[in-house]
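Working notes for the structure below.
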Amino acid sequence: MATKRMTPGFSDQVMGLVKSLRTDAPDCVASGVVDMSTGMLLSYETVDNHPPEVLDLLAGATLDLFQGRTVVMIEDVFKERRGIETDQHFFQEILVNSENLTHLFVRMSEQQDVVAVVVCRKSVNVGMLFAQVRRVVREYGL
Numbered sequence: 048m049a050t051k052r053m054t055p056g057f058s059d060q061v062m063g064l065v066k067s068l069r070t071d072a073p074d075c076v077a078s079g080v081v082d083m084s085t086g087m088l089l090s091y092e093t094v095d096n097h098p099p100e101v102l103d104l105l106a107g108a109t110l111d112l113f114q115g116r117t118v119v120m121i122e123d124v125f126k127e128r129r130g131i132e133t134d135q136h137f138f139q140e141i142l143v144n145s146e147n148l149t150h151l152f153v154r155m156s157e158q159q160d161v162v163a164v165v166v167c168r169k170s171v172n173v174g175m176l177f178a179q180v181r182r183v184v185r186e187y188g189l
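First residue of the sequence shown? That's 48 in our numbering, and the numbers climb one at a time after it.
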């Protein structure tokens, strides 16, 4: 499992990633970065005010999506059946549509416990959303 580089620039990288996601993702209303190993929302930007308890729950919800008990069980079954012995996770990107919004969660390639979150208006072009978010995530390579 990759470990986070706790260099003085890590925080700056996270804030830069959030800002780039917020400005480059189409129809974006919020972006953030979640550290699933600590359960913390590391940084976020939003156009609206959200209750603090909702922001506090975002990290936990992200952890459940990617590494909830049942998800891990599914991954373990596939790893066993395929003879794979690795800490690498199968679920890398998750798209969630709510009534008015589209939420994209993308696991960072280098640091599997770090997830970028982008929230857009439901009218977003999903193909463009994936393309822009993948480009930004690749640039930051956390």
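Ideal placement from N, C-alpha and C gives every residue a C-beta, glycine not left out. From a predicted model like this one, the values you see are computed outputs, not experimental measurements.
Approximately 6 angstroms separates the beta-carbon atoms of residue 163 and residue 64; this is inside 8 angstroms, confirming the contact. Pairwise C-beta distances place the region 112 to 121 in contact with the region 148 to 168, as three or more of them are shorter than 8 angstroms. Under the 8 angstroms Cβ criterion, the region 120 to 133 does not count as touching the region 146 to 158, having fewer than three qualifying pairs. The region 67 to 81 and the region 92 to 108 touch, with no fewer than 3 CB-CB distances between them shorter than 8 angstroms. Annotation for residue 121: the continuous alpha helix (DSSP H) segment containing it runs 116 to 129.
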